[in-house]
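K.L.:
Protein chains in written order, with the numbering used here: chain F, 736 to 999; chain W, -17 to 68.
We put the beta carbon where it would ideally sit given N, CA and C, even for glycine.
In this text, all values refer to a predicted model and were calculated from it rather than measured experimentally.
1. Work out the CA separation of residue 52/W and residue 851/F for me, nearest whole Å.
2. At a CB-CB cut-off below 7 Å, which residues of chain F make contact with residue -3/W?
3. Quick check on the burial criterion: 16 or more other C-beta atoms within 10 angstroms. Buried or exposed for residue 753/F?
4. Taking Cβ positions, are residue 8/W and residue 792/F nearer each other than 8 Å?
5. Which parts of the region 831 to 869 of chain F are runs of the beta strand (DSSP E), unbroken and 3 residues or longer, counting only runs that do not cross its ends?
6. Using C-beta distances below 6 Å, list every residue in its chain close to residue 784/F, excluding the 5 sequence neighbours before and after it, in chain order.
7. Whole angstroms are fine: how far does the CA of residue 756/F sit from the CA of residue 18/W?
8. Does residue 58/W get closer than 8 Å to chain F when you measure Cβ to Cβ?
9. What are the boundary residues of the alpha helix (DSSP H) that includes residue 37/W?
10. Are the region 795 to 814 of chain F and the region 836 to 846 of chain F touching by the rule of at least three beta carbon pairs closer than 8 Å?
11. So, under 8 Å CB-CB, residue 818/F and residue 26/W are touching, yes? Tell me the CB distance rounded to an integer number of Å.
12. Take the Cβ of residue 36/W as the centre, count every other Cβ of all protein chains shown within 10 Å, and call the residue buried at 16 or more, exposed below.
13. For the region 825 to 832 of chain F against the region 773 to 787 of chain F, do three or more pairs of beta-carbon atoms, one drawn from each stretch, fall closer than 8 Å, so that the two count as touching?
14. What residues in the region 21 to 50 of chain W bring their beta carbon closer than 9 Å to a beta carbon of chain F?
15. List the residues of chain W whose Cβ lies closer than 8 Å to the Cβ of residue 835/F, in chain order.
16. Let's test the definition: count the other Cβ atoms within 10 Å of the Cβ of residue 876/F and tell me whether it reaches 16, buried, or not, exposed.
17. Nearest chain W C-beta to residue 792/F closer than 8 Å, yes or no?
18. Grab me the residues of residue 760/F's own chain with a C-beta within less than 6 Å of its C-beta, minus the 5 sequence neighbours each way, in chain order.
19. Select from the region 2 to 16 of chain W all residues with a C-beta closer than 8 Å to any C-beta belonging to chain F, and list them in chain order.
20. Nearest to residue 758/F by alpha carbon, out of 854/F, 825/F and 857/F?
21. Rounded to whole angstroms, what's the CA-CA distance from residue 859/F to residue 845/F? Just pull it up for me.
22. Going along chain F in order, which residues have a C-beta closer than 8 Å to the C-beta of residue 55/W?
23. Taking Cβ-Cβ distances shorter than 8 Å, what residues in chain W pair up with residue 803/F?
24. DSSP three-state label for residue 911/F, please.
25. Against chain W, with Cβ distances strictly below 8 Å, would residue 787/F count as a contact?
26. Give a single yes or no on whether residue -5/W has its beta carbon closer than 7 Å to a heavy atom of the ligand GDP.
27. Consider the Cβ of residue 839/F: report whether some Cβ of chain W lies at a distance smaller than 8 Å.
28. Using only alpha-carbon positions, find the residue among 44/W, 1/W and 23/W that is nearest to residue 794/F.
29. Contact criterion: CB-CB distance below 8 Å. Does residue 827/F meet it with respect to chain W?
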């Protein structure tokens, strides 16, 4: 890294040195062109005096012609050199300014990115948190743990009908009918456990399952009582709502909660 | 003799006229080239002035943009908490 930095430094030095060299050569050429003026004036004075004082005027005239031609060629050469070097210096400075413009544009772009980021971050922090349901109410289950596939629920329902789940709301009288519905009521336990986390959108699902939010939130009747079958005297026989349809229909049916409530 | 002198004078005059014409031609050539040199210098001056004006304009624009950037960066550095993720 140090070697590379040294090389880059050398490159920058050579670039600066090259630009300095260009400037120096331009100044030198300009100085030489300026020095031509007194030389031409002195040569003109000498030729005038020699033509006046000399006897061989024709020879002086011929020499003067030759000198005039060479002086003109020399002046043109110097002017061309100065013009070329000045153009070179201007071109180099134009390139430098163009590169500086690019760098400034990059800085501007970076600053704009930072500003955009701060604006977005500020908006994100200031926005009100709102859970927007992505699915229809039919498909939203009451609890996060119950957010499983419909097939799973159907499978659990069938299992419960075969095995007879000990959990859920059950009555000794309607055990047979409740066996079919135990799978549905297993959801209630999980729903009750996470009732604090349930959203308003899930209330409909809970209602379709026969449990209202009011019942679930009532502390006087904790649903944990309904789990055990050891103390049947502590609770009254609560008949589950009349269900003539399967769980699928419960999910896809429209709200019949007023009627279902009355049946409880 | 006078006739020979007259002829000699005519020849000398002729030679002088020819030399004069050559000198004038030479002067006209020189003046033409000097005028062309002058035209080149005028054109070069206008071109260089145009380039310098463009450079000056670019430099002014750059200077203003840099001033704006300087102000923006100073504002940004004054509130470093803006860039910390919360």
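P.N.:
Judging by the given coordinates:
1. One-based indexing of the first chain puts residue 851/F at position 116. One-based indexing of the second chain puts residue 52/W at position 70. Looking at the two C-alpha atoms, the distance is approximately 18 Å.
2. If you number the second chain from 1, residue -3/W lands on position 15. Those do not exist, as residue -3/W stays about 11 Å from chain F at its closest Cβ, beyond 7 Å.
3. Working through the first chain from its first residue, we reach residue 753/F at position 18. Looking at its Cβ environment, which holds fewer than 16 other Cβ atoms inside 10 Å, residue 753/F is exposed.
4. Numbered from its first residue, the second chain carries residue 8/W at position 26. Numbered from its first residue, the first chain carries residue 792/F at position 57. Going by C-beta atoms, residue 8/W is not nearer than 8 Å to residue 792/F.
5. None, since the region 831 to 869 of chain F contains no complete beta strand (DSSP E) of that length.
6. Reading the first chain from its first residue, position 49 is the one you call residue 784/F. Residues of the same chain with a CB within less than 6 Å of the CB of residue 784/F, apart from the 5 flanking positions on each side, do not exist.
7. By one-based count along the second chain, residue 18/W stands at place 36. By one-based count along the first chain, residue 756/F stands at place 21. Approximately 31 Å between the Cα atoms of the pair.
8. Translated into positions along the second chain, residue 58/W becomes position 76. Yes, its Cβ sits closer than 8 Å to a Cβ of chain F.
9. Working through the second chain from its first residue, we reach residue 37/W at position 55. Its alpha helix (DSSP H) spans residues -16 to 60.
10. no
11. Against the first chain, residue 818/F aligns to sequence position 83. Against the second chain, residue 26/W aligns to sequence position 44. Rounded, the Cβ-Cβ distance is 5 Å, consistent with contact.
12. If you number the second chain from 1, residue 36/W lands on position 54. Burial call: exposed.
13. no
14. 22, 23, 26, 29, 30, 33, 34, 36, 37, 40, 41, 43, 44, 47, 48 and 50
15. Residue numbering aside, residue 835/F sits at position 100 when the first chain is read from its first letter. Within 8 Å Cβ-Cβ: 44.
16. Here the question's residue 876/F lines up with position 141 in the first chain. Of the residues assessed, residue 876/F falls on the buried side of the cut-off, its CB having 16 or more other CB atoms within 10 angstroms.
17. Counting from 1 along the first chain, the entry for residue 792/F is found at position 57. No, its Cβ sits nowhere closer than 8 Å to a Cβ of chain W.
18. Within the first chain, numbered from 1, the residue matching residue 760/F stands at position 25. So the qualifying residues of the chain are 820.
19. 5, 8, 12, 15 and 16
20. The residue you call residue 758/F lines up with position 23 of the first chain. The shortest Cα separation from residue 758/F among 854/F, 825/F and 857/F belongs to 825/F.
21. Numbered from 1 along the first chain, position 124 holds the residue referred to as residue 859/F. Numbered from 1 along the first chain, position 110 holds the residue referred to as residue 845/F. If you take the alpha carbons of residue 859/F and residue 845/F, they lie about 21 Å apart.
22. On the second chain, residue 55/W is found 73 positions in, with the first residue counted as 1. Within 8 Å Cβ-Cβ: 846.
23. Your numbering for residue 803/F matches position 68 in the first chain. Near residue 803/F (Cβ distances below 8 Å), the residues of chain W are 12.
24. As a working mapping, residue 911/F is identified with position 176 in the first chain. Bear in mind that a pLDDT of 47 at residue 911/F, under 50, signals an unreliable position, so the model cannot answer this.
25. As a first step, residue 787/F is located in the first chain; it is residue number 52 there, counting from the start. Not one chain W Cβ lies under 8 Å of residue 787/F.
26. No copy of the ligand GDP occurs in the structure displayed, which carries no ligand at all.
27. Locating residue 839/F in the first chain gives position 104, where the first residue counts as 1. Cβ-Cβ to chain W under 8 Å: yes for residue 839/F.
28. Numbered from 1 along the first chain, position 59 holds the residue referred to as residue 794/F. Its Cα nearest to that of residue 794/F, the residue 1/W stands out among 44/W, 1/W and 23/W.
29. Residue numbering aside, residue 827/F sits at position 92 when the first chain is read from its first letter. By this cut-off, residue 827/F is not an interface position.
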